[in-house]
Each structure stands twice: as C-alpha cells, then as structure tokens.
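Below is one structure, written out as structure tokens; comments come after it.
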Amino acid sequence: MSTWNIRKAGVEDLEEVVRLRRELMRIFGGLTDANAAAWEVATRRYLSTALPGGRFHVWLAFMEGKAVACSGLVPFERPPAANHLSGLEGYILNMYTAPAWRGRGISRALMKELMAFAREAGLARLWLHASEEGRQLYEKLGFAPNPIALEWTPEGA
Numbered sequence: 088m089s090t091w092n093i094r095k096a097g098v099e100d101l102e103e104v105v106r107l108r109r110e111l112m113r114i115f116g117g118l119t120d121a122n123a124a125a126w127e128v129a130t131r132r133y134l135s136t137a138l139p140g141g142r143f144h145v146w147l148a149f150m151e152g153k154a155v156a157c158s159g160l161v162p163f164e165r166p167p168a169a170n171h172l173s174g175l176e177g178y179i180l181n182m183y184t185a186p187a188w189r190g191r192g193i194s195r196a197l198m199k200e201l202m203a204f205a206r207e208a209g210l211a212r213l214w215l216h217a218s219e220e221g222r223q224l225y226e227k228l229g230f231a232p233n234p235i236a237l238e239w240t241p242e243g244a
C-alpha cells in the first residue's frame, strides 16, 4: 500500500490547490460550467496573496506524486471573551480527499497537521462546518457540536 506525504502548500502549489478546491466546489459549493472560469480567476487572485501572506493556510497530501487531498485554515482574531482571552481562532475549510483515495486515513493526517499548526500559532479555538461524511472524523478528533458549527479547543488554551 502506498503512503502519502503531507506538506504545507505555498504559491508554487497554487494550481494543485485550485484543482482540489474546484473538485470540492463542484460537489458542495455550487460551482458549474457557467461560473467556473470566473471562480478560477478569483481563486487564483486570492491564493496568490493569501498563501504567502498567512491569511489562508493549506496542507496538501500527495500520493504517487500527485496532490490527492487538501485542508485549509483561515486564522482570525476576535475581541477577547471571558473564556477565550487571546481572541485568536481559526476556521477550517476545504477539507477534501479525491474519491479514489478516501478511507486511507489521509483526512485524519491532514487534520492532525492543521491542529498542530493551530496549537503552535496560539489559536485558542478552531471551528468548521462539517458534511455528514466528515462529522464522525471531526468528532473523533475532539470537535464538539455547538449551535452553529463544530468546535475544538486545544488543551491548555
């Protein structure tokens, strides 16, 4: 059985990120042939500044030299709350594994990379909106339902 390699994406990976996001957006994001060209232009423009600027972090999983899965994190800051003094949080999005590569633990490995990064970056809370397919994985990793999303708080945060 092949193993995968995971690494944080940079601008040099822009086309791989666009390709995987395109697959995801066709399933969940309303992307159609009619709006795909404009979406790709806007996505490339966003990624070309957001990836190097740290506004969007992406991890890619490679199998047999090809990116087959991705995960994304948008860090942001809110005003401090009583139980969340730093205000630093992250929103997880674009969790996607190509169908042929599902069921091999790639999404779990991507999430663990993302969560380790969040701890190191001092993000006191991560949250996401889960598909029914993904919900079980996130809950096994410690995410708990709240009224609007699933949420995870690192130990000691």
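For what it's worth, the working numbering labels the leading residue of the sequence shown as 88, then goes sequentially.
Glycine residues also receive a C-beta, built at the ideal position from the N, C-alpha and C atoms.
Is the Cβ-Cβ distance between residue i and residue j less than 8 Å?
i      : j      : result
Leu215 : Leu180 : yes
Arg212 : Glu164 : no
Ala156 : Leu197 : yes
Glu110 : Tyr183 : yes
Val98  : Ser135 : yes
Ala205 : Leu237 : no
Leu210 : Pro166 : no
Would you tell me roughly how many angstroms separate the C-alpha atoms of residue i and residue j, rounded to the nearest one?
i      : j      : result
Trp239 : Trp126 : 30 Å
Leu138 : Ala96  : 8 Å
Ile193 : Thr90  : 9 Å
Leu224 : Arg195 : 7 Å
Leu118 : Pro186 : 18 Å
Gly152 : Pro241 : 32 Å
Ala168 : Trp146 : 29 Å
Ala217 : Tyr133 : 23 Å
Arg131 : Phe143 : 13 Å
Pro232 : Gly174 : 20 Å
Gly221 : Gly229 : 13 Å
Val128 : Glu102 : 11 Å
Leu201 : Asp120 : 31 Å
Asp100 : Arg113 : 20 Å
Arg108 : Asn170 : 34 Å
Gly141 : Arg191 : 29 Å
Return the residue from the list the options that minimises the CA-CA distance to residue i.
i      : options                        : result
Arg106 : Ser194, Ala123, Pro139         : Ala123
Glu219 : Gly209, Phe115, Glu200, Met202 : Phe115
Lys227 : Arg191, Lys199, Arg189, Ala148 : Lys199
Phe149 : Gly140, Trp188, Asn170         : Trp188
Can you look up residue i in the DSSP assignment and give me helix, strand or coil?
i      : result
Pro232 : strand
Leu111 : helix
Trp126 : helix
Glu102 : helix
Ala148 : strand
Curious, which full-length beta strand (DSSP E) runs of at least 3 residues does the stretch 152 to 230 contain? 153 to 164, 175 to 184, 212 to 215
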